[in-house]
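As numbered in full-length UniProt numbering, residues 1 to 107 make up the sequence shown, in order. Here is the structure we will look at, set down as structure tokens.
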Amino acid sequence: MPMPHISDAPEDSDKVVHLLAYAVFVSLWFLFFYVLKQKKDNFSRALIKSCSLALIYGIIIEILQGELTTSRSADFKDVLANSVGILIGILIVFLAKPQLNALKSKL
Numbered sequence: 001m002p003m004p005h006i007s008d009a010p011e012d013s014d015k016v017v018h019l020l021a022y023a024v025f026v027s028l029w030f031l032f033f034y035v036l037k038q039k040k041d042n043f044s045r046a047l048i049k050s051c052s053l054a055l056i057y058g059i060i061i062e063i064l065q066g067e068l069t070t071s072r073s074a075d076f077k078d079v080l081a082n083s084v085g086i087l088i089g090i091l092i093v094f095l096a097k098p099q100l101n102a103l104k105s106k107l
């Protein structure tokens with residue numbers, strides 16, 4: 001079965017990938033800060049750190065793509081998709097809060 005070329009994909013379809021990746025990114029960073037580094041971080045602090053890291057990382061990557069490569073360009077829509085993914089990550093974290101608290105108390 002032949003694979004479609006990336007250029008055949010619908011315009012801006014990569015934004016879905018950005019959105020999903022950043023939702024997972026925030027969730028995993030939160031898990032690290034809240035559950036694994038439990039001595040220092042409470043729920044709010046872990047969430048702020050996770051979201052800040054994801055947002056800063058996404059912006060830096062877009063700037064570097066625009067400045068350091070010739071085959072890629074910076075795209076504000078990517079940053080916007082990353083931000084929506086961060087919001088979804090926040091929702092995931094809040095929905096999983098009881099399970100995360102239970103996990104944290106076991107460690």
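Glycine residues also receive a C-beta, built at the ideal position from the N, C-alpha and C atoms.
Counted as a single uninterrupted DSSP element, the stretch harbouring R72 is not any alpha helix (DSSP H), since DSSP gives it neither H nor E. DSSP places D12 in the coil class of the three-state scheme, outside both helix and strand. In summary, A102 is exposed, with fewer than 16 beta-carbon neighbours lying within 10 Å of its beta-carbon over all protein chains present. Of D8, S52 and L68, the smallest CA-CA separation from L87 is found for S52.
Taking a 10 Å sphere around the C-beta of L68, we find fewer than 16 other C-beta atoms and assign the residue as exposed.
V26 is positioned such that its CB atom lies closer than 7 Å to that of A54. Per DSSP, the continuous alpha helix (DSSP H) segment holding L103 begins and ends at K97 to K106. One alpha carbon belongs to K37, the other to L47, and they sit about 13 Å apart.
The beta-carbon distance between V35 and K104, rounded to whole angstroms, is 5 Å. This is short enough to meet the 8 Å contact definition. Straight-line measurement puts the Cα of G66 at about 13 Å from the Cα of K77.
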